[in-house]
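This report refers to the structure that appears directly beneath it.
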Amino acid sequence: MPSRKDHPALPGRVAVKNKPIKNLAASVHQRLLDKARHSGRPFNELLQYFTMERFLYRLSRSKYAGNFVLKGALMLNVWKRTSLPRPTLDIDVLAQRIGNNVDSIVQVVRETCDQVVDPDGITFYPETTEGEQIAEEAEYEGVRVRLRGSLGNARLSMQLDVGFGDVVLPSEEELDYPTILDFPTPHLRCYSI
Numbered sequence: 078m079p080s081r082k083d084h085p086a087l088p089g090r091v092a093v094k095n096k097p098i099k100n101l102a103a104s105v106h107q108r109l110l111d112k113a114r115h116s117g118r119p120f121n122e123l124l125q126y127f128t129m130e131r132f133l134y135r136l137s138r139s140k141y142a143g144n145f146v147l148k149g150a151l152m153l154n155v156w157k158r159t160s161l162p163r164p165t166l167d168i169d170v171l172a173q174r175i176g177n178n179v180d181s182i183v184q185v186v187r188e189t190c191d192q193v194v195d196p197d198g199i200t201f202y203p204e205t206t207e208g209e210q211i212a213e214e215a216e217y218e219g220v221r222v223r224l225r226g227s228l229g230n231a232r233l234s235m236q237l238d239v240g241f242g243d244v245v246l247p248s249e250e251e252l253d254y255p256t257i258l259d260f261p262t263p264h265l266r267c268y269s270i
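Note that our numbering has the sequence shown beginning at 78, numbered continuously upward.
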């Protein structure tokens with residue numbers, strides 16, 4: 078009789094056990110490769126989106142989740158305009174009720190990277206987080222943050238552009254950000270349609 082961790086065998090077959098994945102990063106890497114081949118999208122593009130998705134998940138689980146509103150190209154994925162949004166290399170967010178200075182935003186990103194979450198194969202390196210002041214359209218200032226991470230042997234880089242002062246009309250809404258693979262979904266405040 079199979080144990081609770083076994084699946085019942087078909088007649089004449091051996092039971093299959095649920096084994097923990099020994100190398101989660103390698104498994105995720107392979108699944109992204111498979112998805113890239115199937116979808117016709119470049120692997121590096123999917124890897125970049127997966128990296129940003131997993132950062133957004135960490136942000137959604139952090140004490141700062143209520144201080145940011147997702148905006149920009151990644152919203153196309155939320156609004157289901159495309160199966161994956163147009164290529165973008167950064168995450169655009171609007172900050173609210175948080176200081177408009179480089180040091181405070183860098184600290185928020187470092188704490189977000191340290192957020193304990195279910196394993197997803199991605200490791201962010203908070204010590205690599207760097208920020209700089211940016212001017213968006215000469216009306217609003219913001220902060221650009223860059224950080225590094227890894228998926229096994231694959232080296233990752235990510236950019237977060239944080240804007241301040243935008244008025245969100247209609248008001249933002251809480252939405253689930255679609256995931257590429259079967260990992261927990263980021264639940265974020267987002268620009269509404």
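In this text, a Cβ means the ideal position worked out from N, Cα and C, and glycines have one as well.
Since we're looking at a predicted model, the values are computed, not measured.
Taking the alpha carbon of residue i as the reference point, which residue from the options has its own alpha carbon closest?
i: Tyr202; options: Gln210, Pro196, Arg223 and Ile211; result: Arg223
i: Val239; options: His115, Ile211, His264 and Ile257; result: Ile211
i: Pro196; options: His115, Ser116, Asp259 and Gln125; result: Asp259
i: Glu250; options: Val194, Leu233 and Ala142; result: Ala142
i: Ser104; options: Ala231, Leu136 and Ile175; result: Ala231
i: Gln173; options: Gln107, Glu188 and Val146; result: Val146
i: Val194; options: Ile257, Phe132, Gly117 and Leu166; result: Phe132
i: Lys99; options: Gln236, Gly229 and Gly242; result: Gly229
i: Glu122; options: Phe241, Cys267, Gly242 and Leu233; result: Leu233
i: Pro184; options: Glu204, Thr200 and Phe241; result: The sequence given here places Gln at residue 184; Pro does not occur at that position. If we check each option's Cα against that of Gln184, Glu204 comes out closest.
Between which two residues does the alpha helix (DSSP H) harbouring residue i extend?
i: Phe120; result: Phe120 to Arg138
i: Gln184; result: Val179 to Cys190
i: Leu153; result: Met152 to Val155
What are the residues that DSSP puts in a beta bridge with residue i?
i: Val146; result: Leu171 and Arg266
i: Phe201; result: Gly226
i: Val220; result: Gln210 and Val239
In whole angstroms, give me the CA-to-CA distance for residue i and residue j.
i: Met152; j: Lys96; result: 36 Å
i: Pro79; j: Ile168; result: Confidence at Pro79 is low in this model, with a pLDDT of 45, below 50, so the placement of that residue is unreliable and no value is reported for it.
i: Ser181; j: Leu136; result: 15 Å
i: Gly176; j: Arg225; result: 23 Å
i: Gly219; j: Gly208; result: 10 Å
i: Asn178; j: Pro255; result: 30 Å
i: Ser269; j: Ser248; result: 7 Å
i: Leu124; j: Gln192; result: 20 Å
i: Thr189; j: Ser139; result: 6 Å
i: Leu265; j: Asp253; result: 6 Å
i: Tyr134; j: Pro261; result: 8 Å
i: Ala102; j: Tyr126; result: 15 Å
i: Arg81; j: Trp156; result: Because the pLDDT at Arg81 is just 47, under 50, the model does not fix this residue reliably, and the point stays unresolved.
i: Met129; j: Ala150; result: 12 Å
i: Ile199; j: Ser227; result: 6 Å
i: Gln236; j: Pro263; result: 18 Å
Mind checking which residues open and close the beta strand (DSSP E) that includes residue i?
i: Ser234; result: Ala231 to Phe241
i: Leu101; result: From DSSP, Leu101 is part of no beta strand (DSSP E) but of the alpha helix (DSSP H) over Leu101 to Ser116.
i: Leu166; result: Neither: Leu166 is in no beta strand (DSSP E) and is coded neither H nor E.
i: Asp253; result: Glu250 to Asp253
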